[in-house]
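Engineer:
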Amino acid sequence: FTRELGPPSAQQLAAELSRIPPQPEEERRAGELSKQQVQVDLAREVRAAKRRPLERSPLWWPAYEAITEIVMAVPDKWAAARKALDLNPLPFVPMVDDCTSPAEHGELLEKRTELL
25 FTRELGPPSA QQLAAELSRI PPQPEEERRA GELSKQQVQV DLAREVRAAK
75 RRPLERSPLW WPAYEAITEI VMAVPDKWAA ARKALDLNPL PFVPMVDDCT
125 SPAEHGELLE KRTELL
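Residue numbers for the sequence shown follow my numbering, beginning at 25 and rising by one.
1) Rounded to the nearest angstrom, what separates Glu40 and Ile91 at their Cα positions?
2) Which of the three DSSP states is assigned to Asp110 in this structure?
3) In the DSSP assignment, find the unbroken alpha helix (DSSP H) run with Leu37 in it and report its ends.
4) By alpha-carbon positions, which one of Pro46, Leu78, Asp110, Arg68 ends up nearest to Lys59?
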């Protein structure tokens, strides 16, 4: 490889691979990839790198906002469903989170057991 600062580019790797003579199947050691296999893997990785990540998709933010609205509507819909079934609406108690303090954890568990 030519010595440059930074990692080699895909074009540099392809140029280096084209300079390597093909090795007969019998001379390769066990587990060693052939030149053709390395070229195929390089082409696959180049194609994968050209794909747009999901976070940059034009649908990312509308989908994120739709999911957030659905999640925010759960407590209201839960109360409405209980009223429709002639049950007392219960306050929505969030799930116990890993980052809550032990005191908050105990309070949330007490509220949950009282309601049930």
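From the three backbone atoms N, C-alpha and C, an ideal C-beta is built for every residue, glycine too.
Structural biologist: A quick look at the data gives this:
1) Start at 1 with the first residue of the sequence shown, and residue 40 comes out as number 16. Start at 1 with the first residue of the sequence shown, and residue 91 comes out as number 67. If you take the alpha carbons of Glu40 and Ile91, they lie about 47 Å apart.
2) Here residue 110 refers to the residue found at position 86 when the sequence shown is read from its first residue. The answer is coil: DSSP assigns Asp110 none of H, G, I, E or B.
3) Walking along the sequence shown from the start, residue 37 turns up at place 13. Taken as a continuous stretch (DSSP letters only), the alpha helix (DSSP H) holding Leu37 covers 34 to 43.
4) By one-based count along the sequence shown, residue 59 stands at place 35. Measuring from the Cα of Lys59, the nearest candidate turns out to be Pro46.
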